[in-house]
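Peer 1: Here it is: the structure, laid out below.
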Amino acid sequence: MSIDINLMVFMEFLKIIAWYYHSEAKHGYIGAAIGILLLIAASLLLKYASPLSLLKGLALPLFFGGLIFGLGGGIDGHMTEKARPQKLSLYQQNSQAFFKEEVSKVEKTHRSWFGIRLFWSAITLTGIALLFTLKKDFWIGVGLGTLFLGLLGHVEEAISMKRNERYWKEVLKSAQRYPPAVTVCGGGSRIDTGKDQEPGVNPPQKKQSSANILPNGLKHKSNLVIDTLGSVAGLAKQDSIPKAKDFSISVSADTLLPEPLAPQKQQSIVIRPDTIVQTEFIEKSDEFKLRKKKKLVDYYHSDLIGKDGMSQKHCWFNKKYIN
(Lines of atoms letter the chains of each structure in order from A; the text may use other names.)
(Lines give C-alpha, C1' and ligand atoms only; values in the text may rest on other atoms or scores of the structure.)
Protein backbone atom coordinates (compact mmCIF):
# COMPACT_ATOMS: atom_id res chain seq x y z
CA MET A 4 0.00 0.00 0.00
CA SER A 5 1.42 3.38 -0.96
CA ILE A 6 2.20 6.06 1.58
CA ASP A 7 -0.45 8.44 0.19
CA ILE A 8 -3.16 5.83 0.70
CA ASN A 9 -1.95 5.17 4.24
CA LEU A 10 -2.09 8.86 5.08
CA MET A 11 -5.58 9.08 3.63
CA VAL A 12 -6.75 6.13 5.74
CA PHE A 13 -5.04 7.63 8.78
CA MET A 14 -6.82 10.96 8.35
CA GLU A 15 -10.19 9.33 7.65
CA PHE A 16 -10.12 7.42 10.92
CA LEU A 17 -8.97 10.58 12.72
CA LYS A 18 -12.20 12.21 11.52
CA ILE A 19 -14.21 9.20 12.73
CA ILE A 20 -12.71 9.52 16.22
CA ALA A 21 -13.54 13.23 16.36
CA TRP A 22 -17.07 12.60 15.07
CA TYR A 23 -17.77 9.80 17.56
CA TYR A 24 -16.60 11.57 20.70
CA HIS A 25 -18.22 14.85 19.70
CA SER A 26 -21.55 13.09 18.98
CA GLU A 27 -21.41 11.11 22.22
CA ALA A 28 -20.73 14.26 24.24
CA LYS A 29 -23.60 16.08 22.52
CA HIS A 30 -25.86 13.10 23.15
CA GLY A 31 -25.01 13.22 26.85
CA TYR A 32 -25.74 16.94 27.08
CA ILE A 33 -29.08 16.47 25.31
CA GLY A 34 -29.92 13.77 27.86
CA ALA A 35 -29.03 16.21 30.64
CA ALA A 36 -31.33 18.84 29.11
CA ILE A 37 -34.17 16.30 28.95
CA GLY A 38 -33.53 15.46 32.59
CA ILE A 39 -33.79 19.13 33.57
CA LEU A 40 -37.11 19.46 31.72
CA LEU A 41 -38.45 16.37 33.50
CA LEU A 42 -37.41 17.78 36.87
CA ILE A 43 -39.13 21.09 36.12
CA ALA A 44 -42.33 19.31 35.05
CA ALA A 45 -42.26 17.08 38.12
CA SER A 46 -41.74 20.06 40.43
CA LEU A 47 -44.72 21.91 38.94
CA LEU A 48 -46.95 18.84 39.23
CA LEU A 49 -45.91 18.19 42.82
CA LYS A 50 -46.64 21.79 43.72
CA TYR A 51 -49.94 22.39 41.93
CA ALA A 52 -51.55 18.97 41.39
CA SER A 53 -54.27 17.79 43.75
CA PRO A 54 -53.30 15.21 46.40
CA LEU A 55 -53.60 11.58 45.27
CA SER A 56 -54.56 12.70 41.76
CA LEU A 57 -53.34 11.23 38.48
CA LEU A 58 -51.01 14.19 37.91
CA LYS A 59 -49.56 13.84 41.39
CA GLY A 60 -48.76 10.19 40.64
CA LEU A 61 -47.31 11.15 37.27
CA ALA A 62 -44.88 13.52 38.98
CA LEU A 63 -43.02 10.79 40.89
CA PRO A 64 -41.55 8.80 37.96
CA LEU A 65 -40.86 12.06 36.11
CA PHE A 66 -38.81 13.27 39.06
CA PHE A 67 -36.71 10.10 39.29
CA GLY A 68 -36.34 10.00 35.51
CA GLY A 69 -35.13 13.60 35.56
CA LEU A 70 -32.44 12.66 38.06
CA ILE A 71 -31.32 9.67 35.96
CA PHE A 72 -31.18 11.58 32.68
CA GLY A 73 -29.86 14.81 34.17
CA LEU A 74 -27.00 13.41 36.22
CA GLY A 75 -26.16 10.53 33.87
CA GLY A 76 -26.25 12.62 30.71
CA GLY A 77 -24.32 15.53 32.21
CA ILE A 78 -21.54 13.36 33.63
CA ASP A 79 -21.28 11.25 30.47
CA GLY A 80 -21.20 14.32 28.22
CA HIS A 81 -18.51 16.02 30.29
CA MET A 82 -16.29 12.93 30.51
CA THR A 83 -16.63 12.20 26.79
CA GLU A 84 -15.82 15.77 25.81
CA LYS A 85 -12.80 15.69 28.10
CA ALA A 86 -11.57 12.41 26.57
CA ARG A 87 -11.87 13.57 22.94
CA PRO A 88 -8.58 15.55 22.66
CA GLN A 89 -6.75 12.84 24.59
CA LYS A 90 -7.95 10.15 22.18
CA LEU A 91 -7.02 12.22 19.12
CA SER A 92 -3.56 12.92 20.52
CA LEU A 93 -2.96 9.26 21.42
CA TYR A 94 -4.02 8.11 17.95
CA GLN A 95 -1.60 10.53 16.27
CA GLN A 96 1.32 9.75 18.60
CA ASN A 97 0.92 5.99 19.09
CA SER A 98 -1.71 4.27 16.98
CA GLN A 99 -1.01 0.81 18.37
CA ALA A 100 -1.52 1.98 21.97
CA PHE A 101 -4.72 3.74 20.90
CA PHE A 102 -6.21 0.62 19.32
CA LYS A 103 -5.16 -1.55 22.24
CA GLU A 104 -7.10 0.78 24.55
CA GLU A 105 -10.01 1.53 22.23
CA VAL A 106 -10.75 -2.06 21.18
CA SER A 107 -11.18 -3.01 24.83
CA LYS A 108 -13.51 -0.03 25.37
CA VAL A 109 -15.79 -0.66 22.38
CA GLU A 110 -15.99 -4.38 23.13
CA LYS A 111 -17.10 -3.61 26.68
CA THR A 112 -19.71 -1.15 25.39
CA HIS A 113 -20.93 -3.68 22.82
CA ARG A 114 -21.47 -6.32 25.51
CA SER A 115 -23.33 -3.88 27.78
CA TRP A 116 -26.29 -3.24 25.46
CA PHE A 117 -28.19 -6.35 26.55
CA GLY A 118 -28.17 -5.25 30.19
CA ILE A 119 -29.15 -1.68 29.32
CA ARG A 120 -32.11 -2.78 27.18
CA LEU A 121 -33.14 -5.23 29.89
CA PHE A 122 -33.18 -2.39 32.45
CA TRP A 123 -35.42 -0.11 30.36
CA SER A 124 -37.64 -3.04 29.39
CA ALA A 125 -38.19 -3.83 33.07
CA ILE A 126 -39.21 -0.21 33.73
CA THR A 127 -41.60 -0.28 30.76
CA LEU A 128 -43.23 -3.53 31.90
CA THR A 129 -43.56 -2.14 35.44
CA GLY A 130 -45.42 0.87 34.09
CA ILE A 131 -47.76 -1.35 32.06
CA ALA A 132 -48.43 -3.53 35.11
CA LEU A 133 -49.26 -0.53 37.31
CA LEU A 134 -51.45 0.96 34.60
CA PHE A 135 -53.68 -2.10 34.18
CA THR A 136 -53.70 -3.67 37.64
CA LEU A 137 -54.39 -0.71 39.96
CA LYS A 138 -57.56 1.35 39.58
CA LYS A 139 -56.78 4.40 41.71
CA ASP A 140 -55.93 7.61 39.89
CA PHE A 141 -52.68 8.12 41.77
CA TRP A 142 -51.29 4.71 40.79
CA ILE A 143 -52.54 5.07 37.25
CA GLY A 144 -50.49 8.28 37.09
CA VAL A 145 -47.46 6.44 38.47
CA GLY A 146 -47.96 3.73 35.82
CA LEU A 147 -48.23 6.29 33.01
CA GLY A 148 -45.11 8.09 34.16
CA THR A 149 -43.16 4.84 34.51
CA LEU A 150 -44.26 3.66 31.07
CA PHE A 151 -43.26 7.01 29.55
CA LEU A 152 -39.88 6.87 31.29
CA GLY A 153 -39.19 3.34 30.01
CA LEU A 154 -40.06 4.23 26.42
CA LEU A 155 -37.97 7.41 26.59
CA GLY A 156 -35.01 5.40 27.86
CA HIS A 157 -35.39 2.88 25.02
CA VAL A 158 -35.41 5.63 22.39
CA GLU A 159 -32.42 7.41 23.91
CA GLU A 160 -30.36 4.23 24.17
CA ALA A 161 -31.34 3.08 20.66
CA ILE A 162 -29.85 6.28 19.20
CA SER A 163 -26.68 5.84 21.23
CA MET A 164 -26.46 2.14 20.36
CA LYS A 165 -26.64 2.82 16.62
CA ARG A 166 -23.73 5.26 16.86
CA ASN A 167 -21.66 3.02 19.14
CA GLU A 168 -22.16 -0.06 16.97
CA ARG A 169 -20.94 1.84 13.92
CA TYR A 170 -17.87 3.04 15.82
CA TRP A 171 -17.28 -0.48 17.16
CA LYS A 172 -17.11 -1.87 13.61
CA GLU A 173 -14.83 0.94 12.43
CA VAL A 174 -12.41 0.40 15.32
CA LEU A 175 -12.17 -3.35 14.75
CA LYS A 176 -11.71 -2.89 11.00
CA SER A 177 -9.06 -0.19 11.39
CA ALA A 178 -7.19 -2.09 14.11
CA GLN A 179 -6.44 -4.83 11.55
CA ARG A 180 -4.56 -2.31 9.38
CA TYR A 181 -1.95 -1.72 12.08
CA PRO A 182 0.26 -4.81 12.47
CA PRO A 183 3.21 -4.77 14.91
CA ALA A 184 5.86 -2.22 13.93
CA VAL A 185 8.82 -3.51 11.87
CA THR A 186 12.17 -2.12 13.00
CA VAL A 187 15.28 -2.35 10.82
CA CYS A 188 18.36 -1.37 12.81
CA GLY A 189 21.97 -1.68 11.70
CA GLY A 190 21.43 -4.73 9.51
CA GLY A 191 19.20 -6.57 11.98
CA SER A 192 15.43 -6.68 12.08
CA ARG A 193 12.74 -7.53 14.59
CA ILE A 194 8.99 -7.43 15.00
CA ASP A 195 7.93 -5.05 17.76
CA THR A 196 4.89 -6.59 19.45
CA GLY A 197 4.74 -4.05 22.25
CA LYS A 198 6.05 -6.60 24.79
CA ASP A 199 9.40 -6.22 26.50
CA GLN A 200 12.12 -8.62 25.46
CA GLU A 201 13.41 -11.00 28.10
CA PRO A 202 16.72 -9.86 29.56
CA GLY A 203 19.71 -11.40 27.89
CA VAL A 204 17.76 -12.46 24.80
CA ASN A 205 18.71 -10.73 21.55
CA PRO A 206 16.07 -10.05 18.92
CA PRO A 207 16.02 -12.46 15.97
CA GLN A 208 18.49 -11.51 13.25
CA LYS A 209 18.13 -11.77 9.49
CA LYS A 210 20.36 -14.23 7.67
CA GLN A 211 21.64 -11.41 5.51
CA SER A 212 24.70 -9.55 6.69
CA SER A 213 24.70 -5.83 7.28
CA ALA A 214 26.80 -5.38 4.16
CA ASN A 215 23.95 -6.72 2.03
CA ILE A 216 21.31 -4.57 3.71
CA LEU A 217 22.90 -1.15 4.20
CA PRO A 218 24.89 0.73 1.56
CA ASN A 219 28.61 1.20 2.04
CA GLY A 220 28.19 4.89 2.81
CA LEU A 221 26.22 4.10 5.95
CA LYS A 222 28.61 1.58 7.51
CA HIS A 223 30.04 2.60 10.91
CA LYS A 224 28.33 6.00 10.70
CA SER A 225 24.77 5.67 11.96
CA ASN A 226 21.94 3.27 12.51
CA LEU A 227 18.96 3.51 10.20
CA VAL A 228 15.70 3.01 12.06
CA ILE A 229 12.45 2.69 10.18
CA ASP A 230 9.44 2.55 12.46
CA THR A 231 6.27 1.90 10.51
CA LEU A 232 2.56 1.52 11.22
CA GLY A 233 1.56 -0.58 8.24
CA SER A 234 3.98 1.18 5.82
CA VAL A 235 7.03 3.45 5.70
CA ALA A 236 6.50 7.22 5.82
CA GLY A 237 10.10 8.16 4.88
CA LEU A 238 13.81 7.40 5.24
CA ALA A 239 16.44 9.19 7.29
CA LYS A 240 19.00 11.44 5.64
CA GLN A 241 21.87 9.33 4.38
CA ASP A 242 24.95 9.30 2.14
CA SER A 243 23.30 7.24 -0.59
CA ILE A 244 19.79 6.01 -1.20
CA PRO A 245 19.24 2.34 -0.31
CA LYS A 246 17.01 0.33 -2.56
CA ALA A 247 13.51 -0.46 -1.35
CA LYS A 248 13.93 -4.17 -2.12
CA ASP A 249 16.73 -4.41 0.45
CA PHE A 250 14.21 -3.62 3.14
CA SER A 251 11.27 -5.52 1.61
CA ILE A 252 9.17 -2.38 2.19
CA SER A 253 7.44 -0.17 -0.39
CA VAL A 254 8.98 3.31 -0.27
CA SER A 255 7.89 6.32 -2.32
CA ALA A 256 10.76 8.01 -4.16
CA ASP A 257 9.83 11.53 -3.07
CA THR A 258 10.28 10.60 0.59
CA LEU A 259 14.00 9.80 0.21
CA LEU A 260 16.18 12.68 1.33
CA PRO A 261 19.51 12.82 -0.54
CA GLU A 262 21.29 15.24 1.83
CA PRO A 263 24.41 13.73 3.41
CA LEU A 264 24.34 12.72 7.04
CA ALA A 265 27.11 14.15 9.24
CA PRO A 266 29.14 11.34 10.82
CA GLN A 267 28.12 10.92 14.44
CA LYS A 268 28.54 8.10 16.85
CA GLN A 269 25.49 6.08 17.87
CA GLN A 270 23.11 8.31 15.97
CA SER A 271 19.58 7.01 15.40
CA ILE A 272 16.96 8.77 13.34
CA VAL A 273 13.31 7.79 13.52
CA ILE A 274 10.64 9.05 11.16
CA ARG A 275 7.05 8.20 12.03
CA PRO A 276 4.07 8.65 9.71
CA ASP A 277 1.89 9.94 12.53
CA THR A 278 4.20 12.92 13.17
CA ILE A 279 4.04 13.82 9.47
CA VAL A 280 0.26 13.64 9.59
CA GLN A 281 0.14 15.69 12.78
CA THR A 282 2.32 18.45 11.27
CA GLU A 283 0.27 18.50 8.08
CA PHE A 284 -2.97 18.56 10.08
CA ILE A 285 -1.80 21.52 12.22
CA GLU A 286 -0.62 23.47 9.14
CA LYS A 287 -3.99 23.05 7.43
CA SER A 288 -5.81 24.12 10.60
CA ASP A 289 -3.63 27.24 10.93
CA GLU A 290 -4.20 28.09 7.26
CA PHE A 291 -7.95 27.77 7.72
CA LYS A 292 -7.90 29.99 10.84
CA LEU A 293 -5.92 32.69 9.01
CA ARG A 294 -8.51 32.79 6.23
CA LYS A 295 -11.40 33.15 8.68
CA LYS A 296 -9.76 35.43 11.25
CA LYS A 297 -10.97 39.02 11.49
CA LYS A 298 -9.36 41.82 13.37
CA LEU A 299 -11.23 44.09 15.78
CA VAL A 300 -10.54 47.77 15.21
CA ASP A 301 -8.96 49.15 18.38
CA TYR A 302 -10.73 52.49 18.86
CA TYR A 303 -9.15 53.09 22.23
CA HIS A 304 -5.59 53.22 20.84
CA SER A 305 -6.25 54.92 17.52
CA ASP A 306 -7.13 58.34 16.12
CA LEU A 307 -10.69 57.32 15.19
CA ILE A 308 -12.25 58.64 18.42
CA GLY A 309 -10.91 62.10 18.03
CA LYS A 310 -11.36 62.18 14.26
CA ASP A 311 -14.99 61.02 14.13
CA GLY A 312 -16.03 62.38 17.50
CA MET A 313 -17.16 58.98 18.78
CA SER A 314 -17.20 58.18 22.47
CA GLN A 315 -15.70 55.05 24.02
CA LYS A 316 -19.20 53.83 24.90
CA HIS A 317 -20.24 54.14 21.27
CA CYS A 318 -17.17 52.18 20.21
CA TRP A 319 -17.86 49.43 22.74
CA PHE A 320 -21.44 48.77 21.59
CA ASN A 321 -20.70 49.29 17.90
CA LYS A 322 -17.56 47.25 17.35
CA LYS A 323 -16.11 47.39 13.89
CA TYR A 324 -14.29 44.56 12.14
CA ILE A 325 -11.96 44.62 9.21
CA ASN A 326 -10.66 41.76 7.07
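Quick note: to get the numbering used here, add 3 to the position in the sequence shown (first position is 1). Virtual Cβ for every residue (Gly too), placed ideally from N, Cα, C.
Suppose you measure from the CA of G148 to the CA of R120; what does that come to, to the nearest Å?
Peer 2: In this model, G148 and R120 are separated by some 18 Å (Cα to Cα).
Peer 1: Beta-carbon within less than 6 Å of L74's beta-carbon, same chain only, minus the 5 sequence neighbours each way: which residues are those?
Peer 2: none
Peer 1: Report buried or exposed for S124, applying the criterion of at least 16 other Cβ atoms within 10 angstroms of its Cβ.
Peer 2: Around the beta carbon of S124, a 10 Å sphere encloses fewer than 16 other beta carbons of the protein chains shown; the residue is thus reported as exposed.
Peer 1: Out of K103, L134, L154 and G80, which has the shortest C-alpha to C-alpha gap to T127?
Peer 2: L154
Peer 1: Sort Y24, H30 and I20 by Cα distance to E160 and report the nearest one.
Peer 2: H30
Peer 1: Consult DSSP for R114 and reduce its assignment to one of helix, strand or coil.
Peer 2: helix
Peer 1: Compare the Cα-Cα distances from W22 to each of K172, K176, R166 and R180 and report the closest residue.
Peer 2: Relative to the Cα of W22, the nearest Cα in the group K172, K176, R166 and R180 belongs to R166.
Peer 1: Using only the alpha-carbon positions, how far apart do T129 and L150 sit?
Peer 2: 7 Å
Peer 1: Label V158 either buried or exposed according to how many other C-beta atoms from any shown protein chain fall within 10 Å of its C-beta, with 16 as the threshold for buried.
Peer 2: exposed
Peer 1: Counting beta carbon pairs with one atom in the region 82 to 102 and one in the region 127 to 146, are three or more of them shorter than 8 Å?
Peer 2: no
Peer 1: Indicate the three-state DSSP secondary structure (helix, strand or coil) for R120 in the structure shown.
Peer 2: Reduced to three states, the DSSP call for R120 is helix.
Peer 1: Shortest alpha-carbon distance to Q95 belongs to which of A178, M14 and Q179?
Peer 2: Comparing Cα positions, the closest option is M14.
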